[in-house]
Amino acid sequence: MSARIRMAKLAPYLFVGPAIAFVLVFLYAPVVFSVGLSLTDWNFISPTMNFVGLENYRRIFADPNFRDAAVNTLLYCVVLIPAQIMVPLALAALILRVRNPFLAGFYKSALFLPTILAYSTAGIAWLWLFDPLNGFFNAALSALGMPTSRWHNDPSLAIWCVTFVTFWKNFGLNMLLLLAALVSIPKSLLEAAAIDNAGPWRRFFTIELPLISPTFFFVAVTTTMNVLDDIVGVIDVLTGGGPYGQSSNILYYMYERGLSFFQFGQASAASVIIIVLVLVVTLAQFRMFEHRVHYES
Amino acid sequence: MKSPYISRRLFVGGAAAVGATTVVPARAFARDDVVVTISSPWGADRPFQKVVDAYNAKATGVSVVNRLDGDYQDMATKALAGVAAGRPPEIMVTGWKFGYFARRTLGARDLAEVDSAKADEIMSRFKPQVKPLVTIDGALIGVPWSLSTPVTWINMDLWREAGLDDDIPLDISHEWLIEKATAIDKALAGKNHPTYRSALDLSNNEWTSQAYIQNAGGYILDDQTLTCDSPEAIAGMTAFAEPARAGIWTNMDYRAQQKAQYAGNIAIVATSSSRAGALAKLDTEFKDAMFPSLGRPRNMNSGGNFLAIYAREDELAQASMDFLSFCGSEEAQAIWSEMGYLNASVFDLGEKPLQTAATAQLDAGLTPETIWPGSRGLEGQDVWRQWVARVVEGVVTPEEGMARAQRELAPLVSID
Amino acid sequence: MAILSVFPLLWIVTTAFTPNDLVLTKAFRLLPESPTFDNFRIAFTRFPVAAWIWNSLVIAGLVTAGKLAIAVPAGFAFAHMRFAGRDTLFWVIVATLTFPTIIGIVPLYVGISMIGWYDTLAGVIVPSIAYIGFYVFFMRQAFRSLPAEMFEAARLDKAGPLKQLLEIAIPNVLPAIASLGVISFLGAWNIYLWSLLVLDSPEKRTLTIGLKSFIVIDDFEPLWGPMMVVGLLSMLPVMLLFLLAQRFVMAAFTGRVGE
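Residue numbers (the working numbering), protein chains in the order written: chain C, 3 to 299; chain U, 442 to 857; chain B, 322 to 580.
If you want it as structure tokens, here you go:
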């Protein structure tokens, strides 16, 4: 075998090698280690690490904060996943119909802007809007003669404040993705439909929506992850999970267990539970969309 | 032809130099200095930096770097990570409440062990009554640096606008407080007042709730036994939550509360005496009264922090000791007193504004704040805070809240 | 809706120019009262803000460079090369799209501490590069749009795989690479939780976590104005980048995702 041929055989592996190495070392390995750590009582600086079986799982299932966090996670998903797909879809469809290119550009940029902000930056802005005594919302409410609110400091409202800020911070990306997909639909198809006397609504549901279904599927899968993930940043800057855990979710719970209290065993047990949940949800989504996604050519 | 290349390098170099000079002002260390890093809750704009700068100006061969790491809990977390990575901060400003955690989990050094003569000399410059606060498990683990106690702060502008009498007693009771807050709310609420938003705030945290419990004759932890479900503790918590239930206390997080007090939104706030420094600087006139009593002798807790050494190597520990020795000097104490804490040293630093109530409480004797035992002390405080919040919000009765807090805290404080 | 979405940011801008002692007094103002640059002076002299800007740039730049350096050849191999295990390896990478980013944070944190990367920029940069599921997927799509004949011709000319990639493939997908670069930069500029955990020394922080140093924790005078200066600085570069590179970002998604 000449050196050239050996090289040609090896080349693909050299090309994909770094990518594989990075995901294995920094994404897969930590997950595997989490499974291992979840069976121990290690707390980071203690010299000993004992095998404790499923004790950590028993403990977190018995922890009311974990139960609250789990229920909240479900609530966040039920509200945010549909909202972060449907509202951006509606906005994308609307922007597409804005004739003035300058105005369309403005809408697009303005709506996308929150997406590119850091959580801490978004946090200071929203803490001002939500300020329990003298924030903008309260000033506006009392100017209108309406009762004020404590917003994120109110145990029953905190979760909705987090939901809203998460939505504000994240819908822009999906909007852009869906808009891009809509833009790429050949004009001829839509014109043909218009000639067939299909109204705008019918056109949207029978032509545009099916044609963007691959993007739609992609958006659905990534949004599920984002909803779990992005909330953590928002919770951290807005409420810290409070009042008394009322706005936490299971990833934030894991984060707190692990890196505020250094209960690595419990944190790892929580992350294993999250991984299992994510797998289940993702598989379900794949099955749901498998037969419905319309692939062009 | 090389000039573009050079100028780009210069540009990058210049940018890096700008970065370096603004990092820590006035850091012109000698190259062979021993560098001691202090993990602290104070940034470069706070008086603590001036203490550090004054020390560095002496060029003793030790250079001290002050590093802002967040609140006590953030610092403890970072220190734990540092210990695990084999590089703890040499010194950490440690909250009194994490004394056991500092000693048992983070391994704070016994100063007497580092240099016993120097330790004795340092401690001789502090009031004898603060020594027990820095003695944990029989070891002297720090220099008593910041000493505070909860007091009552009254915004005099709002007070007068509500038509109340300027003559405020130093020694006030819970009933008096409720009565005045109600009167203020009646006078000022719902009138589109430019700043007034709320009458009272007792601070929803682990500390003022402890003060209420102790003023009712109870304790959260008695020595190391949990007694937060005793009848006295329940009575204290009932009184503590009363104004929130009555609608004169708009309960909110500590950060929002501080901002609101400084903006003149809240008429009366019961919180740390350490706000004296900041409140004295505002345009609004404030007056301090003692923490509300519950009709029996007060049993006030203290708070604040000590400077503890975590350095493992002897050279670093000795160098840290040298800085701590400076901290005990009159010069350092005078600079530090600007912050607003009580004077824990034996030096006469003169009268500071807005410290009458705190000094009266110090003279009457202060107990330590709850020091969460066990290696899981960080969690203990968090659990306690959550139950305090639930009681204040009224989602559980004080009886039930305290009983459940006791059950949840028991395993956290009994481990090791 | 567009106004609603931008509105919270207005306050940051206004407050950055408001004298610190006036910040607290009013709930709402559109234009600053007695505008001032004082907050900038305070922010830059009392905090290592210049170093924060530099660190943010270094992290965003190197994470972007790293991601592209890894994802581009991988995408090319998956699109135009035949090798055993190709599909499996592809899914191994793309499946990471479904990993919540902080899921492995505890073991990662331990690992970073053990190899001495705690409180270093490398500790932030290197693990952040690993989130390349989307990038590899996207690059494969981009390279697939190039006809296979292009490379067969090159092979006949005895051009090695590296030459094919560098001289033929990459020049033809530059817009796609540029848009990925922009997306990566925007994302890496705002890395929050992980830098908060790893970076410790004040001069090693980034703008986004330096901002947290201002959120007042002691009882002393709060610095709201300077805090907003840092907030403003943390959003200006990404806003400008987005506005300038918007066409790329849009093009990146147009008709390519999920093809």
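From the three backbone atoms N, C-alpha and C, an ideal C-beta is built for every residue, glycine too.
For residue i and residue j, I'd like the C-alpha separation in whole angstroms.
i: P482 of chain U; j: A603 of chain U; result: 37 Å
i: I689 of chain U; j: V370 of chain B; result: 42 Å
i: G744 of chain U; j: A525 of chain U; result: 28 Å
i: T668 of chain U; j: I675 of chain U; result: 10 Å
i: D578 of chain U; j: K538 of chain U; result: 14 Å
i: S122 of chain C; j: V239 of chain C; result: 6 Å
i: V393 of chain B; j: L115 of chain C; result: 28 Å
i: V415 of chain B; j: F455 of chain B; result: 7 Å
i: A630 of chain U; j: R686 of chain U; result: 17 Å
i: V550 of chain B; j: R367 of chain B; result: 13 Å
i: W44 of chain C; j: G38 of chain C; result: 11 Å
i: A23 of chain C; j: S534 of chain B; result: 36 Å
i: F17 of chain C; j: I252 of chain C; result: 37 Å
i: Q699 of chain U; j: K499 of chain U; result: 36 Å
i: E258 of chain C; j: K519 of chain U; result: 14 Å
i: A271 of chain C; j: I424 of chain B; result: 11 Å
i: G119 of chain C; j: L26 of chain C; result: What sits at residue 119 of chain C in the sequence shown is Leu, not Gly. Straight-line Cα distance between these residues: approximately 29 Å.
In chain C, what lies closer than 7 Å to residue i by C-beta?
i: S466 of chain B; result: None at all; the shortest Cβ gap to chain C is about 12 Å.
i: V327 of chain B; result: A112, L115
i: Q567 of chain B; result: S111
Is the beta carbon of residue i sitting closer than 8 Å to the one on residue j?
i: L611 of chain U; j: M731 of chain U; result: yes
i: I433 of chain B; j: G444 of chain B; result: yes
i: G384 of chain U; j: E779 of chain U; result: Absent from the model: residue 384 of chain U. The displayed extent of chain U is 442 to 857, so no value can be given.
i: A21 of chain C; j: A395 of chain B; result: yes
i: D642 of chain U; j: I595 of chain U; result: no
i: A299 of chain B; j: L553 of chain B; result: With chain B covering only 322 through 580, there is no way to say anything about residue 299 of chain B.
i: Y255 of chain C; j: F63 of chain C; result: no
i: V519 of chain B; j: Y439 of chain B; result: yes
i: L180 of chain C; j: A106 of chain C; result: no
Flag residue i as yes if its beta-carbon sits less than 8 Å from any beta-carbon of chain B, otherwise no.
i: S273 of chain C; result: yes
i: R826 of chain U; result: no
i: V25 of chain C; result: yes
i: A697 of chain U; result: no
i: W162 of chain C; result: no
i: V80 of chain C; result: no
i: D65 of chain C; result: no
i: M9 of chain C; result: yes
i: K519 of chain U; result: yes
i: L159 of chain C; result: no
i: L98 of chain C; result: no
So residue i contacts chain D; which residues on that side make the cut at Cβ distance below 8 Å?
i: L418 of chain B; result: Chain labels in this structure do not include chain D; the protein chains are C, U and B.
Could you give the C-beta distance for residue i and residue j, rounded to a whole number, given that I count them as a contact under 8 Å?
i: I750 of chain U; j: E531 of chain U; result: 7 Å
i: G705 of chain U; j: T636 of chain U; result: 4 Å
Listing by chain order, which chain B residues have their CB less than 8 Å from the CB of residue i?
i: L509 of chain U; result: P523, S534
i: D231 of chain C; result: P421, T422, I423
Between residue i and chain C, is there a C-beta pair that is closer than 8 Å?
i: I380 of chain B; result: no
i: V836 of chain U; result: yes
i: R831 of chain U; result: yes
i: L507 of chain B; result: yes
i: W373 of chain B; result: no
What residues from chain C crowd round residue i, counting only those whose CB sits closer than 9 Å?
i: Y439 of chain B; result: Near Y439 of chain B there are no residues of chain C at all, since even the closest Cβ is about 12 Å away, more than 9 Å.
i: F361 of chain B; result: Result: empty, since nearest Cβ-Cβ is about 17 Å, beyond 9 Å.
So which residues of chain U does residue i contact, with C-beta pairs closer than 7 Å?
i: N136 of chain C; result: R638, A701, A704, N706
i: L544 of chain B; result: D486
i: F264 of chain C; result: L521
Strictly under 8 Å for the Cβ-Cβ distance: is residue i near chain U by that measure?
i: Y246 of chain C; result: yes
i: R152 of chain C; result: yes
i: I83 of chain C; result: no
i: S434 of chain B; result: yes
i: D133 of chain C; result: yes
Find the residues of chain B that neighbour residue i, judging by a C-beta separation of less than 9 Å, and give them in chain order.
i: V236 of chain C; result: Near V236 of chain C there are no residues of chain B at all, since even the closest Cβ is about 10 Å away, more than 9 Å.
Whose Cβ in chain B lies nearer than 7 Å to the Cβ of residue i?
i: I321 of chain C; result: No answer is possible for residue 321 of chain C: it lies beyond the span of chain C, which begins at 3 and ends at 299.
In chain U, which residues lie less than 8 Å from residue i when you measure between Cβ atoms?
i: N155 of chain C; result: N692, M693, D694, A697
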